[in-house]
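Q: Take any residue in the sequence shown, count from 1 to its spot, add 16: that is its number in this note's numbering.
Backbone N, C-alpha and C define an ideal beta-carbon position, used for all residues, glycine too.
Dropping the structure in here first, questions after.
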Amino acid sequence: MNYAVIAAGEGSRLVEEGIKLPKPLVELAGTPLIKRLIDIFIRNNAESISIIVNEEMTSVQEYINRINIPVPLHLVIKSTPGSMHSFFELSPYLKKGKFCLTTVDTIFREKDFSNFIRCFENNSTDEGMMAVTDFVDDEKPLYVSVDEATMTINGFFDTTDGSYKYISGGIYCLTPKAIDTLNSCMKEGIVRMRNYQRKLISDNLKLKAYPFNKIIDVDHAEDILKAEQFLNDK
């Protein structure tokens, strides 16, 4: 499995709340967010790891360049307007075989993640598998409509009337076919990751939802403590 991390955001809300470290270097129980992900990927059959950071994150660039791991580590340094464009910059490293993409601030239990990866690795029919959760603690959640019998995803929505059980967890397992859709989005001027996900549906890719008990995004200073408590609560 090839892994990729979007870590190019500015983390402006954390800065405003007094967190001086760039988001990828914010620590949970003493481990920087980016190192936590790298370690988890290595333990889950990583063939390569690709990371994008923005041009201003010199301390993050230096930190990543010092990491020694047993698989190829690709570092892309580029400031982008959003997650979808960051994904596009990483895509040259993701064209061979299945891959998993996530953002640096997405916090999950490793056991849930490992089961998710194994499920996708062993799946020979679906072209994508998205992590979802019914735990909603997001300022702008993306609601996911699924067929409860098969967990097939049939839509992504910005709002809900209460009929959607899940929201997107921000972890995407995909096949190279999804990069064709990404390239189409870039040509069409689509700029948001959630609109890319909608385009996957309209392009008739077979997507399944994989439920996680809980996923937390570290967007605010208080989320750091929440994430640590979540990971400590076995």
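Could you spell out the range, first to last residue, of the beta strand (DSSP E) harbouring Leu89?
A: Here residue 89 is taken as the residue at index 73 of the sequence shown, counted from 1. Note, Leu89: beta strand (DSSP E), 89-93.
Q: Any contact between the segment 219-231 and the segment 179-194? By contact I mean 3 or more CB pairs, one from each, below 8 Å.
A: Touching, yes.
Q: Determine, using beta-carbon pairs with one atom in the segment 106-117 and one in the segment 24-41, whether at least three such pairs fall under 8 Å.
A: Taking 8 Å as the limit for Cβ pairs, the verdict is that the segment 24-41 does not touch the segment 106-117.
Q: Return the CA-CA distance between Tyr109 and Lys193, expressed in angstroms with no decimal places.
A: For the purposes of this step, residue 109 is taken as residue 93 along the sequence shown, with counting starting at 1. For the purposes of this step, residue 193 is taken as residue 177 along the sequence shown, with counting starting at 1. For Tyr109 and Lys193, the distance between alpha carbons rounds to 14 Å.
Q: Hey, would you say Val21 sits closer than 8 Å to Thr118, going by beta carbons?
A: Locating residue 21 in the sequence shown gives position 5, counting from the first residue. Locating residue 118 in the sequence shown gives position 102, counting from the first residue. It is a contact, given that the beta carbons lie within the stated cut-off.
Q: Checking the sheet assignment: what are the DSSP bridge partners for Asp163?
A: By 1-based counting over the sequence shown, the position of residue 163 is 147. Bridge partners of Asp163: Thr168.
Q: According to DSSP, simplified to helix, strand and coil, what is Phe103?
A: The residue given as residue 103 occupies position 87 in the sequence shown. Here Phe103 sits in helix by DSSP.
Q: Could you please give the first and the last residue of the uninterrupted beta strand (DSSP E) stretch that includes Val69?
A: Counted from its first residue, the sequence shown places residue 69 at position 53. Note, Val69: beta strand (DSSP E), 64-69.
Q: Pull up the distance between the alpha-carbon of His101 and that of Ile50, whole angstroms please.
A: Within the sequence shown, residue 101 is the residue found at index 85, counting from 1. Within the sequence shown, residue 50 is the residue found at index 34, counting from 1. So the two alpha carbons sit approximately 19 Å from each other.
Q: Which two residues bound the contiguous alpha helix (DSSP H) that contains Leu216?
A: Within the sequence shown, residue 216 is the residue found at index 200, counting from 1. Leu216 -> alpha helix (DSSP H) spans 209-218.
Q: Please report the residue range of the alpha helix (DSSP H) in which Ile183 lies.
A: Position 167 of the sequence shown, counted from the first residue, corresponds to residue 183. Per DSSP, Ile183 belongs to no alpha helix (DSSP H); it is in the beta strand (DSSP E), 182-190.
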